[in-house]
Amino acid sequence: MHLVFPAVLAALLFCVGLYGVLARRNAVLMLMSVELMLNAVNLNLVAFDVWLRDALHSGQALTLFTITVAAAEIGLGLAIVLLIFRNRGTADIDRVGRLTDGDEKADGDEKADSAETVGDDEMEGVG
Amino acid sequence: MTLTLAILVPLLPFLGALAGLASGRRAPGLVRPLAVLPTLASAVLAVLVLARIGTKGHLDSATRLTPTGGLPISLSVHLDGIAVLLAVLVTVVATCVQLYSTAYLREDPRYPSYAALVSLFTAAMLLVVYSGDLIVLLVGWEVMGVCSYFLVGHHWERPDARSASIKAFLVTKLGDVPFLFGIFVLATDAGTFQIDGILGAAATGRLHHATLAALLLLGGVAGKSAQFPLHTWLPDAMAGPTPVSALIHAATMVAAGVYLVARLEPVFLLSTAALVVLGIMAVITMIGSGLCALAQDDLKRVLAYSTVGQLGYMAGALAVGDRDAALFHLLTHGAFKALLFLSAGVVIHAAHTNSLTAMSRMDGLRRRVPDAYATMGIGLAALAGLPPFSGFFSKDAVLTAAEHAANGDALTGGLGPAGNVPCWLGWTVLIGGLLTALLTAAYATRLWLLAFFPVRRAAAEGVAGSGEAVAATVAPTAAAVAALASDEPAGPVEPAAMVAPLWLLAVPSVALGLVGLWPHALPAWLDGVSLTPSGVTWPIATGVALLGAGLAWLAWRRAAARVLAEAEADAAAAADPAPLLLGPLLGPSRTGFGVDTCYDRAFVRPVLGAARLVSFLDREVVETYVKGAAGTPGLIGRVVRRAQNGNTQGYLSALAAGVVVLAVVVAVAQ
Amino acid sequence: MNLAAVVPLDSTHGFLSPSGVEIVFVLVGLGVLGAALLTVTTKQLVHAALWLVVALGGLAIEYLLLTAEFIAWVQVLIYVGAVVVLVLFGLMLTRAPIGVSPDADSGNRWLALGVALAAAATLVTLVVDAFRCTWIDLGTVAGSTKANGVTLFRYWVLPFEALSVLLLAALVGAIVLSRREKKEP
Chain A
12 MHLVFPAVLA ALLFCVGLYG VLARRNAVLM LMSVELMLNA VNLNLVAFDV WLRDALHSGQ
72 ALTLFTITVA AAEIGLGLAI VLLIFRNRGT ADIDRVGRLT DGDEKADGDE KADSAETVGD
132 DEMEGVG
Chain B
140 MTLTLAILVP LLPFLGALAG LASGRRAPGL VRPLAVLPTL ASAVLAVLVL ARIGTKGHLD
200 SATRLTPTGG LPISLSVHLD GIAVLLAVLV TVVATCVQLY STAYLREDPR YPSYAALVSL
260 FTAAMLLVVY SGDLIVLLVG WEVMGVCSYF LVGHHWERPD ARSASIKAFL VTKLGDVPFL
320 FGIFVLATDA GTFQIDGILG AAATGRLHHA TLAALLLLGG VAGKSAQFPL HTWLPDAMAG
380 PTPVSALIHA ATMVAAGVYL VARLEPVFLL STAALVVLGI MAVITMIGSG LCALAQDDLK
440 RVLAYSTVGQ LGYMAGALAV GDRDAALFHL LTHGAFKALL FLSAGVVIHA AHTNSLTAMS
500 RMDGLRRRVP DAYATMGIGL AALAGLPPFS GFFSKDAVLT AAEHAANGDA LTGGLGPAGN
560 VPCWLGWTVL IGGLLTALLT AAYATRLWLL AFFPVRRAAA EGVAGSGEAV AATVAPTAAA
620 VAALASDEPA GPVEPAAMVA PLWLLAVPSV ALGLVGLWPH ALPAWLDGVS LTPSGVTWPI
680 ATGVALLGAG LAWLAWRRAA ARVLAEAEAD AAAAADPAPL LLGPLLGPSR TGFGVDTCYD
740 RAFVRPVLGA ARLVSFLDRE VVETYVKGAA GTPGLIGRVV RRAQNGNTQG YLSALAAGVV
800 VLAVVVAVAQ
Chain C
10 MNLAAVVPLD STHGFLSPSG VEIVFVLVGL GVLGAALLTV TTKQLVHAAL WLVVALGGLA
70 IEYLLLTAEF IAWVQVLIYV GAVVVLVLFG LMLTRAPIGV SPDADSGNRW LALGVALAAA
130 ATLVTLVVDA FRCTWIDLGT VAGSTKANGV TLFRYWVLPF EALSVLLLAA LVGAIVLSRR
190 EKKEP
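Protein chains in written order, with our numbering: chain A, 12 to 138; chain B, 140 to 809; chain C, 10 to 194.
In structure tokens form, the structure reads like this:
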């Protein structure tokens, strides 16, 4: 099989994931896009391992590791997103703007802060 | 021993000034003793030095300062008859001024610094007088300039005092620039800054640039001694307190210029051109200032212009080669001008105004300040040159010198070739001097009449006493006697500290002239030229002076009569004889012949314009760069700040784009 | 260096002679790509998760086609079984709206698109340029479970254990992060 096929597929998949990471507003969707990017890397690893016929199977072993790390990453990432949601009442990346230089977002932050207590209460109800 | 005393003379006032400045705030009680006592002590010491030096004595002592390369500068003392005489004058006048100031400026909060500055001023002048080295002399010369700046600007709350002090400083500094170069020229020619060395070089003909040096020195002399082109600061300096005026006019500042020329007279005698310039300058100054003095309304400005005129006499005497006459006049003038200013201070103190017009409407001034009235009369008589007052003898010495020069045998006292003094210069100075004598007598009389004889009363006397000239001439004298006799003060009694210096100074004002008659007294300390009035000049001069006084009196009478004749005389009642005497010259005389306006046009406005231009360039051009340098980073920062929008995805996009760009660059580069 | 050794070996392959495996690979690849595109562009959040399942499942098929069997099953187990479920739970917990949400994409969409396209162009150009004449020999199975197990526990055992510690750390971290502060009674 032509090596270009998996390689190009991996490259395109990676770029799709990249677009998702950069363009999605919801944090959970961002994490999903990250998964896409990781899978693109996995595909590359497997394809090159198969091509090279490595005696140690390093490509596939690393793929397994990546999958594991990805699982850990999605767990932690979702925990962080949940925390942000609980504190801010939203999972929108656009509205998490504490890094802003200046006070344009100050109002939004305050609103978010005021919404925080409401979110907390409701979350408690859910929990 | 004499040297120690001589060094102490300038040192004591200097230390007094330092102590006064240091303790002025903390120990107010010490200020007055610290002001008066060092000056008094140095006066006593100056007299001692005078006695020890004797008539033909000399004392020269020099200590080399650190070697500086080039010409050596040494801390040296040069004592001869001129120096010790002048030192006595300076210290005596300074003592009187300090004593007077203790009362005159009793209420002034800045009295401590004032007294310290007066002491410093005195010390600087004494340094000039005693110094045997031109550079050390220059130090004293410049310290005097600074002190005059501070003292004239003593009332710095008033704008006229501020501008007058700046004007005095700038004008004298303007003269000091050529002065400094003149010193350099002299020192380069003679190979030393020592005055002795320079005079020796002049005697042996080693001075190759005598004319240049003398002309350059004249710049500084004109500035300090207020001669014609640079005289304008002196009348304005009246903004200072009256005792300061007395000090500046009588003993220190203005005397320095004349003293310097007298010291370097042999150098000046080498150059006809310098003598001619000095003489013309003196004559213009004399006559111009006489006219101006006649037209002024301010009592102190009249006296200021009279100083300018008397300095013109001295410069004239120096121009015709007779420094003895010049120094004689300097001494007598120092005495009677200090007297005039101090008594004017008393009068102003009592009248609460400087204006002669206002005084002429004031009844009883004569009776309120009898001491000032009498001493001012003495001073004015001396100023006008009436015999037997001191001014008569010294002025006549000047005129005699001019007459000798006009006849071709200038009285140089062996200091230089008499042939260098042209005859026509002698005639010019002589005629100018006589004309000035007329004017001086006229304005002295006018001042006297306006200040002490109110119109109504004098006119009443005139009406009652048949109005004849003889009787009227007697009237002021009679009034004076009456005022002296009736010793009951009608107004505020002036403190003794103000009155005592008046009488102290009145003695030399009257008698100092007689000292010049005796060949073993004053002439012996000088160069031995006879100071006795010659048979030709003194009758003429006295006649001219009497004529001037009489004309002024007649004009005053007519003016008074006209004032009385008009019904509403009270509004503008000023029996000023000046309009009658001066005629069309009155306007220009009152404004100083427009010299100030001329300078304003020629120098002040261009300089101000240039200053405005520079400030415009600074504010609009240079500052634009500075603001731009500050503003550009701010602007860039504001632009770049927009990138910091807190959007994580935006940051990530930029990061990824950068990575892509780097990858492309690497790929293309390979 | 391997490239030089491999190319003459595979010189029998025609450049434009796709085998059946290649055709299947490309077709499944297109499906994966389409599913991935839908994942990142759909406006319904839950649908995005479902399309992610399709994309990841398709990738499992690709692994199979590349004879990496063990990886393929792990992919299905962990990704489709665990990660997507986690993601769905995350969507629910953050109360993602069911149905079309018009603001699913942020304002950086066009910037993101530009960056992604530039990256894609660069990567594809580079990859195609580099592996134009490279073929994979799929004659023998490269990733059987046995082979993987042997290498994993013979050569990679230390990283494997380290990874277990990492997983533990991630577990603890996730618990700590999502734990709620106890309120004072």
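Where is the CB? At the ideal position from N, CA and C, for every residue including glycine.
Partners in chain A for GLU92 of chain C, counting only beta-carbon separations shorter than 8 Å: Residue identity check: residue 92 of chain C is Val in the sequence provided, not Glu. By Cβ distance, chain A contributes GLU46, ALA81, ALA82, ILE85.
Could you give the C-beta distance for GLY451 of chain B and SER428 of chain B, rounded to a whole number, given that I count them as a contact under 8 Å? Taking 8 Å as the upper bound for CB-CB distance, GLY451 of chain B and SER428 of chain B are in contact here, some 7 Å apart.
Quick check on PHE153 of chain B: buried or exposed, where buried means 16 or more other Cβ atoms within 10 Å of its Cβ? Buried, because 16 or more other Cβ atoms sit within 10 Å of the Cβ of PHE153 of chain B.
Starting from HIS217 of chain B, trace the beta strand (DSSP E) both ways and give me its first and last residue. HIS217 of chain B -> beta strand (DSSP E) spans 213-218.
Going by alpha carbons, who is nearest to ALA329 of chain B out of B:ASP335, B:ALA340, B:TRP372? Sorting B:ASP335, B:ALA340, B:TRP372 by C-alpha distance to the C-alpha of ALA329 of chain B places B:ALA340 at the top.
With respect to the alpha helix (DSSP H) encompassing SER258 of chain B, which residues constitute its N-terminal and C-terminal limits? 250-269 is the extent of the alpha helix (DSSP H) around SER258 of chain B.
Return the bridge partner residues of TRP144 of chain C from the DSSP annotation. In DSSP, TRP144 of chain C forms a bridge with A:HIS13.
Looking at the C-beta of GLU170 of chain C, does it have a partner C-beta in chain A at a distance below 9 Å? Chain A contact via Cβ: absent.
Going along the chain, which residues of its own chain have a beta-carbon closer than 6 Å to the beta-carbon of ALA708 of chain B, five neighbours each way excluded? At ALA708 of chain B the pLDDT is 48, less than 50, meaning the model places this residue with poor confidence; the figure from the coordinates comes in the next sentence. Setting aside the 5 residues that flank it on each side, ALA708 of chain B is surrounded in the same chain by VAL702, each with a C-beta closer than 6 Å to its C-beta; the list follows chain order.
Beta-carbon contacts of ALA376 of chain B that lie in its chain and below 6 Å, excluding the five residues immediately before and after: Excluding residues up to 5 positions away in sequence, VAL291, ALA303, ALA307 lie with their Cβ nearer than 6 Å to the Cβ of ALA376 of chain B in the same chain.
Looking at C-beta atoms only, is the number of pairs between the region 224-233 of chain B and the region 180-192 of chain B that lie closer than 8 Å three or more? By the C-beta criterion, the region 224-233 of chain B is judged to be in contact with the region 180-192 of chain B, since at least 3 inter-stretch pairs fall below 8 Å.
Straight-line CA distance for VAL485 of chain B to TYR764 of chain B? Spanning the two alpha carbons is a distance of roughly 59 Å.
Within 9 Å of chain B by C-beta, residues of the region 29-58 of chain A in sequence order: The residues in question are LEU29, VAL32, LEU33, ALA34, ARG35, ARG36, MET41.
Using a C-beta cutoff of 9 Å, does VAL15 of chain A count as contacting chain C? Chain C contact via Cβ: present.
How is ALA650 of chain B classed by DSSP in three states: helix, strand or coil? Helix.
Listed from N- to C-terminal order along the chain, which residues in the region 762-794 of chain B have their beta-carbon within a distance smaller than 8 Å of any beta-carbon of chain C? So the list reads ASN786, GLN788, GLY789, SER792, given in the order they occur along the chain.
At which residue ranges does the region 473-560 of chain B contain complete alpha helix (DSSP H) runs of 4 or more residues, listed in the order of the chain? As for any alpha helix (DSSP H) of minimum length 4 sitting wholly inside the region 473-560 of chain B, the runs are 495-499, 504-507, 509-523, 529-545, ordered along the chain.
What whole-angstrom Cβ distance do TRP677 of chain B and ASP510 of chain B have, given they're in contact under 8 Å? With 8 Å as the limit, TRP677 of chain B and ASP510 of chain B do not qualify as a contact, their Cβ atoms being about 30 Å apart.
Which residues bound the alpha helix (DSSP H) around THR202 of chain B? The continuous stretches of alpha helix (DSSP H) do not include THR202 of chain B, which lies in the beta strand (DSSP E) extending over residues 198-203.
Along the chain, where does the alpha helix (DSSP H) containing ARG163 of chain C start, and where does it finish? If you look at ARG163 of chain C, you'll find it in the alpha helix (DSSP H) that goes 154-163.
In the DSSP assignment, the alpha helix (DSSP H) including GLN366 of chain B goes from what residue to what residue? No alpha helix (DSSP H) holds GLN366 of chain B; DSSP gives it neither H nor E.
With which residues is ARG35 of chain A paired in a DSSP beta bridge? Bridge partners of ARG35 of chain A: C:ASP114.
In the structure shown, what three-state DSSP assignment does ASP103 of chain A receive? It is a strand residue.
Could you tell me whether the Cβ of VAL109 of chain C comes closer than 9 Å to any Cβ of chain A? No - not a single Cβ of chain A is within 9 Å of the one on VAL109 of chain C.
Across which residues does DSSP place VAL225 of chain C in a beta bridge pair? An answer regarding residue 225 of chain C cannot be provided, because it is not within the stretch 10 to 194 covered by chain C.
On a CA-only basis, which of C:ARG188, C:ALA130, C:LEU180 is nearest ALA83 of chain A? Give me that one, please. For ALA83 of chain A, the nearest C-alpha among the options comes from C:LEU180.
Strand pairing of GLN237 of chain B, partner residues [DSSP]: For GLN237 of chain B, which the question treats as bridged, DSSP gives no partner whatsoever.
Contact between the region 510-529 of chain B and the region 415-433 of chain B is defined here as three or more beta-carbon pairs at a separation below 8 Å; is this criterion met? Contact fails: fewer than three Cβ-Cβ distances are below 8 Å.
Which residue from A:LEU56, A:LEU75, A:MET12 puts its Cα closest to that of SER173 of chain C? It is A:LEU75 whose Cα lies nearest to the Cα of SER173 of chain C.
Can you tell me whether DSSP reads ASP272 of chain B as helix, strand or coil? Strand at ASP272 of chain B.
For LEU564 of chain B, which residues in the same chain have their Cβ closer than 7 Å to its Cβ, ignoring the five residues on either side in sequence? Same-chain partners within the cutoff: LEU414, VAL415, GLY418, ALA458, VAL459, ALA544.
Compare the Cα-Cα distances from THR681 of chain B to each of B:VAL282, B:THR575, B:ALA650, B:ILE305 and report the closest residue. Across the set B:VAL282, B:THR575, B:ALA650, B:ILE305, the C-alpha of B:THR575 shows the shortest separation from the C-alpha of THR681 of chain B.
Anything in chain A within Cβ reach of GLU78 of chain C, meaning under 8 Å, just list it in chain order. Chain order gives no chain A residues near GLU78 of chain C, where near means a beta carbon separation below 8 Å; the closest approach is about 10 Å.
Give the secondary structure of ASP437 of chain B by DSSP, where H, G and I count as helix, E and B as strand, and everything else as coil. Residue state, collapsed to three classes: strand.
Just the chain A side, please: which residues come within less than 7 Å of ILE70 of chain C by C-beta, in chain order? Those do not exist, as ILE70 of chain C stays about 11 Å from chain A at its closest Cβ, beyond 7 Å.
Could you say if the region 96-108 of chain A and the region 775-786 of chain B meet the contact criterion of at least three C-beta pairs nearer than 8 Å? Yes, the region 96-108 of chain A is in contact with the region 775-786 of chain B.
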